[in-house]
């Protein structure tokens, strides 16, 4: 019996690999039940960036919902979940969450997550950022969401894109309170290294 229930949403911003990698990591454990919802633009990004077929990606989730299924279980606060991550989160989806539009199942599930005071992680992806983007990030943060841009960290000395993605996804799973083996915790600078030589997590 799964111990947690997590919603994974994938939207049309670049970086679909993060959402798919989260599904893969959670698939490896029987402790988490995953609910997947993908926008039309999200499917386009998956095809363009990953060359993966829709049935293959859907098979990674325990439950798949259509983006227009506003009557889906995850659209109701009475359906208990342990959180939601939108990976990646487009600026359009960010705006919908910031303004409470609930015009598709991704935005509605995010709205429910916020109103029920559950953990919502938005892996926002855009650059450079305009003022509307920044204000919407402030708005969702004030609502209780966590804005987590999928920016690479260099202090772990990752050698491949896959390792960078794993590090980012591991940190997101940490935020959701899920045990993970994708990214080790920072051990600190060892005593035999000069404090100004080498990398740090800041």
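In the numbering used here, the protein residues as written are 59 to 260. Just so it is clear, CB atoms sit at the ideal spot from N, CA and C, and this is done for glycine as well. These numbers come from a predicted model, not from an experiment.
Would you kindly work out how many angstroms separate the C-alpha atoms of residue i and residue j, rounded to a whole number?
i: residue 143; j: residue 100; result: 14 angstroms
i: residue 221; j: residue 168; result: 28 angstroms
i: residue 245; j: residue 225; result: 14 angstroms
i: residue 133; j: residue 216; result: 38 angstroms
i: residue 127; j: residue 135; result: 15 angstroms
i: residue 138; j: residue 63; result: 8 angstroms
i: residue 104; j: residue 175; result: 30 angstroms
i: residue 179; j: residue 141; result: 8 angstroms
i: residue 213; j: residue 201; result: 31 angstroms
i: residue 115; j: residue 67; result: 12 angstroms
i: residue 74; j: residue 146; result: 6 angstroms
i: residue 108; j: residue 182; result: 19 angstroms
i: residue 207; j: residue 228; result: 13 angstroms
Taking residue i as the reference, give the member of the options with the closest Cα.
i: residue 65; options: 193, 73, 75 and 80; result: 80
i: residue 187; options: 148, 130, 113 and 179; result: 148
i: residue 232; options: 151, 177, 114 and 78; result: 177
i: residue 110; options: 78, 190 and 182; result: 78
i: residue 230; options: 84, 191 and 173; result: 84
i: residue 69; options: 119, 117 and 165; result: 165
i: residue 117; options: 106, 161, 86 and 192; result: 86
i: residue 236; options: 203, 171, 88 and 170; result: 88
The beta strand (DSSP E) spanning residue i covers which residue range?
i: residue 93; result: 90-96
i: residue 63; result: 62-68
Run through the DSSP bridge pairs and tell me what residue i is partnered with.
i: residue 147; result: 182
i: residue 166; result: Beta-bridge pairing links residue 166 to no other residue.
i: residue 123; result: 95
i: residue 205; result: 180
Along the chain, where does the alpha helix (DSSP H) that runs through residue i open and close?
i: residue 229; result: 219-233
i: residue 175; result: That residue, residue 175, is in no alpha helix (DSSP H); it is neither H nor E in DSSP.
i: residue 194; result: 189-201
i: residue 114; result: 112-116
i: residue 81; result: 74-85
Please determine if the segment 81-98 and the segment 111-125 are in contact, where contact requires at least 3 C-beta pairs separated by less than 8 angstroms.
Yes: at least three Cβ pairs fall under 8 angstroms.
Answer yes if the segment 195-208 comes into contact with the segment 149-162, meaning at least three C-beta pairs across the two stretches below 8 angstroms, and no otherwise.
These segments touch.
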